[in-house]
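Chains as they are written, first to last, in our numbering: chain A, 1 to 293; chain B, 1 to 324; chain C, 1 to 328; chain D, 1 to 314.
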Amino acid sequence: MSAAASTAKPAAARRAKSALRRVLSEPLGLLGSLLVLLAVLGAGFAGFLAPDPIAMAPIDRFLAPSMDHLLGTDNLGRDLFARVLYGGRIALVVSLGATAASLLLGVAAGLVAGYGPPWLDNLLLLIFDALKSFPTVMLALALVTLLGPSEWAVVLVVIVANAPSYARMARTQTMSLRHAQFVEAERSLGAGAGRIIASHILPNIVGPILIVASMDIPVVIAIEAGMSFLGLGVRPPTPSWGTILESGFEYIQDSPWAVIAGGLPIIITTLGFTFLGEALRDTFDPKLATGPR
Amino acid sequence: MSAPALAIEHLSVEYATAAGPLHALRDVGIEVAAGEIVGLVGESGCGKSTLIQAILRLLAPNAKITAGRMALAGVDLIGLDPEAMRKLRGDRMSVVFQDPMTALNPVLTIGRQMVDIQYRRREPRAQKRRRAIEMLKRVHIPDPESRFDQYPHEFSGGMRQRIAIAMALMAEPVLFIADEPTTALDATLEVATIELLKALQREIGCAILFVSHHLGVVAELCDRVNVMYAGEVVESGPVRPVFQRPQHPYTQRLLACDPARVHERTRHLPTIPGDLPDLVALPPGCVFADRCPKVFEPCRRAPPPAVKTAELEALRCYLGQPAS
Amino acid sequence: MNPLLAVENLVVRFPVGSAIGHYFKGEPRSIDAVAGVSLTMEPGETLAVVGESGSGKTTLARAIAGLIPVQEGAVRFEGRPVANLGAAARKALHRQIAMIFQDPVGSLSPRFSVRGLLAEPFRIHGLAARDLDAEVTRLLGLVGLPPAIAERHPHQLSGGQARRVGVARAIALSPKLVIADEPTAGLDVSVQGEVLNLLNELRERLGLSMLIITHNLSILRHIADRMAIMYLGRFVEAGETTAIFAGPRHPYSLALLSANPEPDPDARPRRIALEGEVPSLLARPAGCEFHGRCPFVQARCRQEAPALTAGPDGRLVACHFPLEPAAN
Amino acid sequence: MLTYAAKRSGLALAVVMVVMALLFVMIYLIPGDPARVALGPRASQALIDELRSRMGLDKPVWVQIVDFYRSVLTGNLGNDVLSGESVLTIITGQMPYTLDLIFGSMFWSILVGIPLGCLSAMRRGSLVDQVTAVLSVSVIAVPAFVIAVYLLLIFAIGLQWFPAIGAGDDPLDRAYHLVLPSIALGLGWVGYIARMLRASILEVQGENHVRTARAFGLPEGKIVFDYVLRIAILPTLTVLGIGIGQLLSSAVFAEIVFARPGIGKLVYDAIVTRNYPIVTGTVLVTTLFFVLVNLVADLMIAWLDPRVRRSLHR
């Protein structure tokens with residue numbers, strides 16, 4: 001490991017720590033981090049905090065929140081608090097996993113389109129545009145029609161919905177950097193396309209795309225919850241915020257508790273990630289900051 | 001003798017930065033008489049742009065004028081309320097900036113923009129249009145009638161700069177500020193633009209403050225020149241003494257470095273070693289002391305005052321001054 | 001013995017406009033940024049190519065460096081063809097021909113430290129086994145930069161420092177030819193002198209030949225043995241630098257030389273003012289392409305394009321009525 | 001401009017072709033026999049074979065592709081499995097309700113979003129700017145269907161100020177039924193438009209030509225509304241083009257939550273009854289609608305931007 005690598009590590013760590021401090025110093029950033037922490041802990045320790053989410057007790061249905069049922073019970077008498085916590089797992093795992101996958105696929109495709117020959121660029125652009133032309137729900141409906149509802153269907157829908165926009169962003173930035181002088185300088189030194197893409201273009205374009213992806217997490221959570229709400233995502237009895245909300249909607253005339261229990265975590269988590277994403281962008285891209293800069 | 005077009009005395013400007021106040025301009029004195037062309041020369045970081053923004057009162061939010069007086073044809077600029085100041089801009093005082101490619105609004109025709117800036121005149125549009133086309137002719141824009149309704153991207157860089165000059169001089173201002181107008185142009189275009197400016201100035205008679213880091217252009221165009229270094233005017237006076245018999249060591253080195261001036265081929269062109277001083281933690285003595293080949297004892301103690309000499313209006317250097 | 005570099009009526013063509021624009025409105029399908037250029041360079045020599053924006057000088061430099069494809073003519077380095085090479089051959093060539101780019105800071109990869117930038121040539125050509133830190137320190141010394149600068153990133157460097165890092169990177173693998181595209185652009189006058197001194201010093205110490213691309217005539221006197229003046233993709237005049245400065249023969253050369261005012265109010269320049277602006281490559285004028293702007297234009301200039309012919313003293317001029325020495 | 005329009009329309013056509021190809025792949029080539037899937041697990045083999053031949057599944061693949069493209073281009077999207085009615089007529093029957101909802105929500109979110117965006121850009125850093133920023137970020141974050149359910153719970157079920165079901169008959173009644181759903185859909189868009197416009201205005205205000213306008217003493221109002229907004233509005237229009245597509249998605253939810261007729265409800269019920277021609281037909285129509293809207297938006301933007309309208313090939 002040459003000296004460069006060793007000195008780079010502490011510098012990168014220092015930069016990350018100071019960035020974290022700056023994020024937390026902002027009111028939005030702090031609030032966002034707390035909400036996200038709440039969601040993550042809830043999902044993580046679901047097992048300890050709440051009883052069995054699937055145990056049914058029809059006689060106890062539509063109970064209001066009380067000490068033993070913190071959020072009340074649904075139409076089958078199941079404990080809503082437990083279902084919300086377990087639902088958190090699905091929401092976070094699917095959204096973070098799917099976002100990571102769509103980032104990976106999107107940026108890779110974008111790099112190839114941006115740096116590759118024009119015909120490949122046009123072909124990939126066509127595919128990106130075609131995929132993006134499907135309204136998300138219609139996409140979900142079409143896919144679920146054939147593959148049947150499941151978490152994997154949700155992941156696939158998220159990838160097909162988000163990857164094209166990351167790909168487009170990566171492509172546009174790669175195209176602009178392709179003719180930048182430092183890239184041409186590397187070519188004049190004899191660097192091959194692989195090296196140029198990996199160590200010269202990727203590090204310079206990944207930053208803004210990561211920030212956009214972090215701001216897309218709430219959208220992905222909404223997709224998971226939405227598909228489950230339509231019965232296209234998570235199969236009952238597995239708890240998902242979407243299915244809880246749907247059951248609440250179905251019996252909305254009888255009791256509001258399931259609607260509240262299903263909607264609240266979605267709001268908390270999406271707001272949390274959005275505020276966190278905003279704070280991240282403010283620290284890394286102050287130009288667009290909202291506060292008085 | 002009418003009041004000078006521009007009179008600046010003891011002007012100081014500071015920027016509030018994380019590391020403390022940055023003294024961008026310190027005790028700057030510049031005068032531009034009516035109908036005169038005055039040059040402002042200095043390398044990057046000498047405060048030229050800050051000075052122009054201060055004159056236009058368009059300083060950045062974190063900048064403030066901490067001292068000094070500024071008057072445009074006798075009207076005090078510092079005390080003026082923002083609305084009155086806005087009325088001055090584009091009427092009594094106008095400006096042309098460096099980069100012609102981005103100076104004009106890309107989605108409005110040049111005609112529309114030239115009529116818009118005449119908003120103060122209570123005249124029918126047709127008359128404003130005629131005045132604009134007339135002005136375009138005077139800056140040698142071919143076939144102005146038809147090109148009047150074209151967009152900036154349909155003109156070359158050279159033409160866009162001439163259009164910007166036409167816009168600035170159309171209001172026949174008292175003071176015309178040219179902020180490095182020819183730096184982005186090719187040499188032959190630069191020279192043609194200088195000739196154009198000289199002709200227009202004779203016709204219109206406005207005073208010009210010409211900012212540039214190209215010494216040859218200033219020598220040819222200006223009557224008097226101010227040499228700036230790190231936020232101070234180190235030497236100012238008529239063009240001949242300053243360029244032919246410079247007194248301040250910085251001006252001497254600056255002229256010596258200009259490759260155009262050195263005729264015989266040499267492998268050791270003169271340079272100015274060292275870096276610009278830190279304008280937050282100012283050195284106690286003269287700002288040029290660390291890089292000055294003629295530095296001596298008083299230079300490190302206190303910044304030299306601006307002194308009038310036989311040929312120069314101001315010289316900020318202890319050399320040749322009676323031992324104080 | 002083969003000359004170091006030989007270029008024979010090189011043509012570099014760029015597609016422009018759209019197929020639809022072409023068929024319906026008859027817009028041309030392509031422009032010749034370089035329209036037939038020939039030159040040779042001997043080892044250790046420094047040649048300058050001068051021209052205004054749009055003259056094609058940068059395209060010529062990139063074609064010689066093998067960075068862009070060539071449509072007609074040939075470029076040979078030490079007898080071996082340069083243009084349109086396979087990947088491996090082109091990579092080997094890049095060890096021989098190095099290039100310094102116009103924007104001092106913009107030509108350095110933003111995420112890399114100076115150490116990483118200077119080690120890059122060794123890593124690309126599989127020479128990472130060498131003690132890179134020693135190489136980096138040696139290169140920094142060669143260009144007069146303190147070792148402490150190695151940890152800094154491009155945006156933390158001044159224009160002059162960034163330019164020196166660019167030079168150090170270019171000479172890292174001891175190339176035979178260095179091409180410098182506007183080496184003094186964007187630098188203050190005092191810093192320009194430093195860069196020129198550095199280039200001159202390296203030329204002596206390492207026996208480099210250099211191709212300088214610039215529009216700034218005043219720096220040429222101090223660095224270039226021979227120079228060529230380019231207009232709309234072609235040479236209009238070429239020869240010894242000092243000779244051309246003393247007596248330009250092509251009207252455009254005279255206009256360029258006189259368009260460089262000296263910082264002396266009494267230096268009355270005997271200047272010829274050019275009409276209009278550089279014509280677009282899409283609508284190349286007939287006959288001598290400079291006739292639209294030339295103050296000495298005559299009937300013949302409008303019909304017949306003058307060839308680049310050698311005068312008795314070897315000076316090349318492309319003009320029917322070259323200026324006599326007495327005329328200037 | 002002509003070349004741009006031709007190129008852009010060509011691209012739109014190509015996208016449509018690729019969309020239809022993707023759809024064809026989804027329907028016919030992904031494992032699982034479409035006929036068996038359509039008839040459900042209990043259908044007899046004979047019945048399945050008969051349906052297969054009627055659907056042309058026994059022909060070679062490329063023949064099926066040609067049949068598929070020809071039928072789609074002639075508007076024949078197959079027939080409703082239950083009623084046998086032409087899918088196209090069913091969809092076009094339901095489309096107006098969904099269009100009411102989409103353009104209703106888009107209309108008011110533009111009406112509120114644009115002034116909000118200008119205001120917070122002109123008064124950057126003020127209280128207005130910060131409050132708008134936090135509110136718009138929040139409404140963007142919270143999914144439209146969650147807002148819809150809560151609006152239903154509070155205003156329809158709880159306070160009963162608005163109807164919970166149906167789309168209404170006479171225009172006034174239809175508007176009355178549109179209030180809650182269009183708020184649910186439009187709220188996120190108010191925030192999105194305001195933020196997009198604000199960022200775009202701030203960016204344009206940093207450009208040199210605005211500094212020139214200020215140096216000529218042009219009044220601040222004229223600079224923002226005439227010199228800056230004219231450029232800043234362009235990227236926002238692009239977003240509106242894409243937004244219509246996303247509105248289609250949330251419209252499905254709104255129609256289900258507020259029990260409104262429309263293609264969203266249509267396709268949701270079609271899933272439950274395994275009525276696949278309706279599903280594929282709706283997906284196709286909505287996607288074509290999306291491509292068309294984007295084409296119109298891009299052409300409009302190109303027309304507004306003289307740099308494209310009068311593009312000069314230098």
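The beta carbon of each residue, even a glycine, is placed where N, CA and C say it ideally should be. Values in this document were obtained by computation on a predicted structure and should not be read as measured data.
Residues of the segment 172-195 of chain C that bring their beta carbon within less than 7 Å of a beta carbon in chain B comprise Asp-188, Val-189, Ser-190, Gln-192, Gly-193 and Glu-194, in sequence order.
Cβ-Cβ distances below 6 Å link A/Met-215 to Gly-277 in the same chain, with the five nearest sequence neighbours on each side left out; the list follows chain order. Counting other Cβ atoms within 10 Å of its Cβ, A/Gln-253 stays below 16 and is therefore classed as exposed.
Under the Cβ criterion of 8 Å, D/Gln-205 is not counted among the residues facing chain A. By the beta-carbon neighbour count (other beta carbons within 10 angstroms, threshold 16), A/Lys-17 is exposed. Excluding five sequence positions before and after C/Val-317, the CB atoms of its chain that fall closer than 6 Å to its own CB belong to Glu-237, Arg-249 and His-250, given in chain order. Taking a C-beta distance under 8 Å as the contact criterion, D/Ala-141 and A/Thr-274 qualify as a contact pair. The residue from C/His-215, C/Ile-179 and C/Val-178 with its alpha-carbon nearest to that of C/Gly-186 is C/His-215.
With respect to B/Asp-258, C/Pro-104 sits apart: the two C-beta atoms are not nearer than 8 Å.
A/Ile-267 reaches chain D at Val-142 and Val-146, counting residues in chain order whose Cβ is nearer than 7 Å. Around the C-beta of C/His-222, 16 or more other C-beta atoms lie within 10 Å, and the residue is accordingly described as buried. When the five nearest sequence neighbours on each side are left out, the beta carbons in the same chain lying within less than 8 Å of the beta carbon of B/Thr-109 are those of Phe-148, Asp-149, Gln-150 and Tyr-151, in order along the chain. Residue nearest to C/Val-75 within the set C/Thr-40, C/Gly-56 and C/Lys-91 is C/Thr-40 (criterion: CA-CA distance). In this structure, the straight-line span from the alpha carbon of A/His-200 to that of A/Val-112 is close to 14 Å. Chain A has no Cβ within less than 8 Å of the Cβ of D/Gln-160.
Secondary-structure assignment with DSSP links C/Val-75 through a beta bridge to C/Val-7.
With fewer than three CB-CB distances shorter than 8 Å, the segment 264-272 of chain A does not count as touching the segment 175-188 of chain A.
Using a Cβ distance threshold of 8 Å, B/Ala-219 and B/Ala-33 do not count as a contacting pair. Per the coordinates, the alpha-carbon of A/Asp-74 lies some 14 Å from the alpha-carbon of A/Pro-236. Cβ contact annotation for D/Leu-288 (same chain, cutoff 8 Å, sequence separation greater than five): Val-16 and Val-19, in chain order. Note on geometry: alpha-carbon atoms of C/Val-70 and C/Asn-84 lie some 7 Å from one another. Straight-line measurement puts the Cα of C/Thr-242 at about 14 Å from the Cα of C/Gly-314. When the five nearest sequence neighbours on each side are left out, the beta carbons in the same chain lying within less than 7 Å of the beta carbon of C/Leu-173 are those of Arg-95, Pro-121 and His-125, in order along the chain. Following the DSSP letters along the chain, one finds B/Asp-27 inside the beta strand (DSSP E) bounded by residues 20-32. In this structure, the straight-line span from the alpha carbon of D/Arg-274 to that of D/His-209 is close to 59 Å. By the C-beta density criterion, C/Arg-205 is exposed, having fewer than 16 other C-beta atoms within 10 angstroms. The beta carbon of B/Thr-50 lies closer than 6 Å to those of Val-13, Ala-24 and Leu-25 in the same chain, with the five residues before and after it left out.
Counting only the Cα atoms, A/Gly-106 lies some 4 Å from A/Ala-163.
Excluding the 5 residues flanking it on each side, B/Ala-230 has same chain C-beta neighbours closer than 8 Å at Gly-45, Cys-46, Gly-47, Leu-276, Pro-277, Leu-279, Val-287 and Phe-288, in chain order.
Not flagged as an interface residue toward chain B: D/Ala-297, since no C-beta distance is shorter than 8 Å. The alpha-carbon of C/Ser-113 is positioned some 43 Å away from that of C/Ile-244. Note that the C-beta distance between A/Met-227 and A/Val-154 is below 8 Å. Of all C-beta pairs linking the segment 197-208 of chain D to the segment 112-132 of chain D, three or more are shorter than 8 Å, placing the two stretches in contact. Distance from the CA of A/Ser-102 to the CA of D/Ile-110, rounded to the nearest whole angstrom, comes to 31 Å.
Going by DSSP, C/Gly-106 is part of no alpha helix (DSSP H) at all; its letter is neither H nor E.
For C/Ala-255, at least one C-beta of chain B is nearer than 8 Å to its own C-beta.
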